[in-house]
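Residue numbers (full-length UniProt numbering): 1 to 266.
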């Protein structure tokens, strides 16, 4: 794979708000863009703001690089005039707060939520997904909310916005990068993840410093300019890069935690 070819995201302009997706508190929506495709639109004015968009972007593109099926991620521009005719006051407020650059994922029409009772995945894939979520510190792949879809008989990963929670408190990111991921005990696929060491070996050859840098370089300056830190956008972007490379180097810590958590399940 070539980084230059793989690490470019398209930009679209949102033309029509179709319907809200009322899962969780962030009110994502199905929307149409000027390329005539439908997208699941994630708003910068919702919940955790641009940090959720950054986590979605980094998590999704790392997953794609590792070979998982991820809906195409695009930058989605929302014009100031968009949503003025929206009758729902809550949605109108959300649209007003989200003017500018947002994030969207290609809408997989007809996809159904993954159910481990109905579809058993092989141990290799389960292990790979558990490893990914340990790396990203993704707290949101549980039996209650798997954030996986079955589409055309294939498994697709979605919703990485709850990953990388270190960025909600910048000051101890070095320590957080080296921590085990205790929440992995709640992962929907943990009991079948018997090949974590193999996943680690394979994925660490793919996730080179250069490939991680190419992904973190996708984060727009506009998303790195809020008042939560006095660092410049380039300095903040560098923290994401260093967090991921540090965590990757310490992968044995989160693998051991996952293996210990799995041992209590079986």
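Even glycine gets a Cβ: it sits at the ideal position worked out from N, Cα and C.
For residue 42, list the residues DSSP reports as bridge partners.
Looking at the DSSP assignment, residue 42 forms a beta bridge with 103.
Just the C-alpha distance for residue 76 and residue 102, rounded to the nearest angstrom, thanks.
If you draw a straight line from the Cα of residue 76 to the Cα of residue 102, it is about 5 Å long.
My guess is that residue 208 and residue 237 are in contact by the Cβ rule of under 8 Å, so how many angstroms apart are they, rounded?
Not quite, the Cβ-Cβ distance comes to about 18 Å (not below 8 Å), so this is no contact.
So what does DSSP say about residue 11, is it helix, strand or coil?
strand
In terms of DSSP beta bridges, what is residue 16 paired with?
32
Once the 5 residues before and after residue 104 are set aside, which same chain residues still bring their CB inside 6 Å of it?
39, 41, 74, 76
Along the alpha helix (DSSP H) that carries residue 215, what are the first and last residues, could you check?
209-216
Would residue 118 be called buried (16 or more neighbouring beta carbons within 10 Å of its own) or exposed?
exposed
Do you know how far the Cα of residue 248 is from the Cα of residue 225?
26 Å
Going by C-alpha distance, which of 134, 16, 32, 137 is nearest residue 108?
32
Residue range of the beta strand (DSSP E) that residue 76 falls in?
In the DSSP assignment, residue 76 falls within the beta strand (DSSP E) that extends over 73-78.
Are the segment 45-59 and the segment 164-183 touching by the rule of at least three beta carbon pairs closer than 8 Å?
yes
Closer than 8 Å is the cut-off here; do at least three beta carbon pairs connect the segment 147-157 with the segment 173-184?
no
On the DSSP letters alone, give me the boundaries of the alpha helix (DSSP H) that residue 149 sits inside.
From DSSP, residue 149 is part of no alpha helix (DSSP H) but of the beta strand (DSSP E) over 148-151.
Report the rounded CA-to-CA distance for residue 124 versus residue 155, giving the unit in angstroms.
13 Å
Is DSSP giving residue 154 helix, strand or coil here?
strand
Please state if the CB of residue 127 and the CB of residue 196 are separated by a distance shorter than 8 Å.
yes
Residue 98, buried or exposed, once every other Cβ within 10 Å from all chains shown has been counted against 16:
buried
Alpha carbon to alpha carbon, how far is residue 235 from residue 245?
15 Å
Could you tell me the distance, in whole angstroms, from the CA atom of residue 183 to the CA atom of residue 145?
14 Å
As assigned by DSSP and simplified to three states, the class of residue 70:
Residue 70: coil per DSSP, three-state reduction.
What are the boundary residues of the alpha helix (DSSP H) that includes residue 201?
196-206
Have a look at residue 106 and residue 78 and give me their C-alpha separation to the nearest angstrom.
Roughly 16 Å between the two C-alpha positions.
Just mark residue 168 as buried or exposed, buried being the case when its beta carbon has 16 or more other beta carbons within 10 Å.
exposed
Same chain, Cβ closer than 6 Å to residue 10, neighbours up to 5 away in sequence not counted:
74
Go ahead and pull the three-state DSSP assignment for residue 85.
Looking at residue 85 - three-state DSSP - the assignment turns out to be coil, as it is neither helix nor strand.
What residue range is occupied by the uninterrupted alpha helix (DSSP H) comprising residue 188?
It is not in any alpha helix (DSSP H) - residue 188 carries neither H nor E in the DSSP assignment.
So, using beta-carbon positions, are residue 218 and residue 86 closer together than 8 Å?
No, these two residues do not count as a Cβ contact at 8 Å.
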